[in-house]
Amino acid sequence: MTDSIMSKAATMEIPINSNGDTGSLPEDDSLEQAAKIQWSLDEKDLQQVMVSGPNLNETSIVSGGYGGTAEGIIPTSSIKGPGIRYNPTMLGTRRVLPLGQGPNMHQSLSSPAVTADEVNRGVAVEKFDIVKKWGINTYKCTKQMISERFGRGSRTVDLELEAQIDVLRDTKRKYENILRLARALTNHFYSMVQTQRALGDTFSDLSQKSPELQDEFGYNAETQKLLCKNGETLLGAINFFVSSINTLVNKTMEDTLMTVKMYENARLEFDAYRADLEELNMGPRDAVTLTRIDTAQQQFQIHKDKYERLRSDVTIKLKFLEENKVKVMHKQLLLFHNAISAYFAGNQQQLEQTLKQFNVKLKPPGADKPSWLEEQ
0 MTDSIMSKAA TMEIPINSNG DTGSLPEDDS LEQAAKIQWS LDEKDLQQVM VSGPNLNETS
60 IVSGGYGGTA EGIIPTSSIK GPGIRYNPTM LGTRRVLPLG QGPNMHQSLS SPAVTADEVN
120 RGVAVEKFDI VKKWGINTYK CTKQMISERF GRGSRTVDLE LEAQIDVLRD TKRKYENILR
180 LARALTNHFY SMVQTQRALG DTFSDLSQKS PELQDEFGYN AETQKLLCKN GETLLGAINF
240 FVSSINTLVN KTMEDTLMTV KMYENARLEF DAYRADLEEL NMGPRDAVTL TRIDTAQQQF
300 QIHKDKYERL RSDVTIKLKF LEENKVKVMH KQLLLFHNAI SAYFAGNQQQ LEQTLKQFNV
360 KLKPPGADKP SWLEEQ
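0 is the number of the first residue of the sequence shown in numbering that gives the first Met the number 0; add one for each residue after it.
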């Protein structure tokens with residue numbers, strides 16, 4: 000059975016179509032030809048076939064079998080067009096494609112690029128929407144601001160809150176003036192203390208070099224050194240006063256005014272969208288206008304909630320600021336008064352007691368100077 004099949008495979012005619020693929024033989028002709036060759040070939044011929052069979056590298060097309068004439072052999076080199084070669088991807092009637100090939104190959108390879116393009120497009124659309132919303136909001140607010148300044152538009156006013164805000168701004172200006180003057184006093188007094196220290200050192204040096212005026216120079220040197228010491232103590236109290244006023248003005252009040260600024264911007268946006276909604280309500284009521292009215296109503300409600308929330312925040316902050324201001328200024332004004340009175344009265348003990356009462360710690364001499372590592 001094996002010999003007949005191999006003989007049939009060796010002598011079977013292989014037709015070629017235009018694509019270079021082998022065609023199928025009719026079942027009856029192939030069986031008849033295989034039966035004839037089976038009786039004509041002996042064992043020697045079979046061995047000859049096995050030895051001198053077709054080579055895959057040098058393929059010849061046989062039309063009449065191995066017992067045929069030389070005219071029936073057509074060399075492969077003489078055939079123009081696609082050649083015959085082994086294709087492992089053809090198994091039976093189904094074609095097996097390697098991994099990564101086939102109709103889905105382009106889709107799998109291009110999917111990352113498509114995903115990246117979609118992401119970039121989404122980011123661009125989001126940025127465009129942000130810029131669009133900002134532009135519309137800016138236009139509406141600018142229009143409302145111009146209308147208010149020319150007296151053509153109406154604005155929402157909270158008289159009590161507006162009065163408190165005006166008082167806060169006026170108080171901040173006055174406290175900034177106190178802070179400026181207190182800093183100027185500190186600088187001048189610091190210069191005077193340094194002059195007293197230098198004058199005390201000069202008196203002390205002259206008391207040693209002038210025997211006839213040693214006592215007089217000595218008394219003045221001691222007085223200037225005592226004044227210098229008391230002056231440094233007073234400088235500590237004034238610096239504490241300046242630091243507390245600076246915190247109150249540039250941090251606490253400034254934070255409240257930032258909230259006030261946000262409130263005023265929210266009020267302007269609220270009035271702008273309110274005017275836009277009123278304008279739409281006064282126009283015709285068709286399908287497009289109704290859609291715009293619904294959108295304007297939603298935006299108006301959003302800005303109304305924002306305005307009311309910030310108004311509540313400003314009211315609470317103004318209340319707490321007033322309480323904090325009274326508490327801080329009561330302590331600082333009492334410290335400033337007691338320290339100045341004790342210094343110019345020459346009462347060193349009362350001056351030191353005042354600093355202890357308000358927990359004012361003096362910096363040691365040379366504390367403000369940078370260390371030798373920082374100077375390098």
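Glycine is no exception: its CB is placed at the ideal position from the N, C-alpha and C atoms.
In this model, Arg308 and Glu351 are separated by some 49 Å (Cα to Cα). For Val287, the uninterrupted alpha helix (DSSP H) segment begins and ends at Ala286 to Phe343. Going by C-alpha positions, Ile339 is about 10 Å away from Leu234. For the pair Lys324 and Leu256, the CB atoms are not nearer than the 8 Å cut-off.
Residue range Glu253 to Asn280 is occupied by the alpha helix (DSSP H) that includes Glu253. Taking 8 Å as the cut-off, the Cβ atoms of Ile244 and Leu178 count as close. Asn229 is a Cβ neighbour of Gln347, given a cutoff of 8 Å.
Looking from the CA of Val313, the closest CA among Asn186, Met252 and Pro283 belongs to Met252. Closest in C-alpha terms to Asp200, from the list Gln213, Lys224, Leu332 and Leu279, comes Lys224. DSSP places Leu361 in the coil class of the three-state scheme, outside both helix and strand. Counting along the chain, Lys250 sits inside no alpha helix (DSSP H), nor does DSSP assign it H or E at all. Phe240 places its beta carbon 8 Å or farther from that of Gln356. For Ser203, the secondary structure class from DSSP, reduced to helix, strand or coil, is helix. Under the three-state reduction of DSSP, Phe149 is assigned to coil, being neither helix nor strand.
Looking at Asp116, Lys142 and Glu117, the one whose alpha-carbon comes closest to that of Asp275 is Lys142. Look at Asn346 here: in three-state DSSP terms it is coil, with no helix or strand label. The three-state reading of DSSP puts Asp214 in helix, counting H, G and I together. The straight-line gap separating the alpha-carbon atoms of Ile145 and Phe319 is approximately 34 Å.
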